[in-house]
């Protein structure tokens, strides 16, 4: 892996709210501690510096399918790290392309996010390459994912349905079990969260 080389990493995102009329959606552009199909694990704190350097204030550019960096379809309204990963609240502009993207997100045709980034620091460990510092360049709504750990839940009026939350909790339990089998430390608060929501 070369440092400062443009890379793209995709994952299915947990869609916690969609407002097609306003073009606003929420989800995770990256999830920490999960081995993706590229053989990478994004470590907690990997986006701290890029967010501090103005990405949170100015907003990351949102593209459709990593296409046409000169014609973005929106920007992030909120960008922050939490215990799960890189949380975003995004806005898709009401341009002709933006309207198409809004409909495709609503219809769950485009249900994954991908980040365009440069790796600034990483280490190779027995399990994978651990990305420790990433410079975020853009976020795209895409078709295919490198990291399938987070999926769009169903929505009804923009709110996840109860059955989809149960499914997500079951998947979370499976993910924690797989990570523990690999010897990866899992946060205690995540396990407690799953127990609380049962």
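In our numbering, the protein residues as written are 0 to 197.
Heads up, the beta-carbon is just placed ideally off N, CA and C, and yes, glycines get one too.
What does the alpha-carbon distance come out to for the pair residue i and residue j?
{"i": "residue 113", "j": "residue 52", "result": "21 Å"}
{"i": "residue 125", "j": "residue 42", "result": "15 Å"}
{"i": "residue 90", "j": "residue 129", "result": "30 Å"}
{"i": "residue 27", "j": "residue 86", "result": "4 Å"}
{"i": "residue 46", "j": "residue 95", "result": "31 Å"}
{"i": "residue 140", "j": "residue 88", "result": "13 Å"}
{"i": "residue 142", "j": "residue 109", "result": "5 Å"}
{"i": "residue 29", "j": "residue 136", "result": "13 Å"}
{"i": "residue 92", "j": "residue 123", "result": "39 Å"}
{"i": "residue 82", "j": "residue 99", "result": "32 Å"}
{"i": "residue 180", "j": "residue 78", "result": "32 Å"}
{"i": "residue 182", "j": "residue 175", "result": "10 Å"}
{"i": "residue 40", "j": "residue 63", "result": "24 Å"}
{"i": "residue 127", "j": "residue 20", "result": "41 Å"}
Find out if the Cβ-Cβ distance for the pair residue i, residue j is shorter than 8 Å.
{"i": "residue 76", "j": "residue 58", "result": "yes"}
{"i": "residue 84", "j": "residue 24", "result": "no"}
{"i": "residue 101", "j": "residue 22", "result": "yes"}
{"i": "residue 138", "j": "residue 61", "result": "yes"}
{"i": "residue 121", "j": "residue 134", "result": "no"}
{"i": "residue 48", "j": "residue 132", "result": "yes"}
Evaluate residue i with the Cβ neighbour count: other Cβ atoms within 10 Å of its Cβ, from every protein chain shown; 16 or more gives buried, anything less gives exposed.
{"i": "residue 104", "result": "buried"}
{"i": "residue 44", "result": "exposed"}
{"i": "residue 111", "result": "buried"}
{"i": "residue 218", "result": "The chain is shown only over 0 to 197; residue 218 falls outside these bounds and no answer can be derived."}
{"i": "residue 118", "result": "buried"}
Decide if the stretch 31–38 is in contact with the stretch 68–79; the criterion is three or more beta carbon pairs, one per stretch, under 8 Å apart. With the rule of 3 Cβ pairs closer than 8 Å, the stretch 31–38 does not count as touching the stretch 68–79.
What residue ranges within the stretch 77–123 form continuous beta strand (DSSP E) runs of no fewer than 3 residues, ordered along the chain? 84–91, 111–123, all fully within the stretch 77–123.
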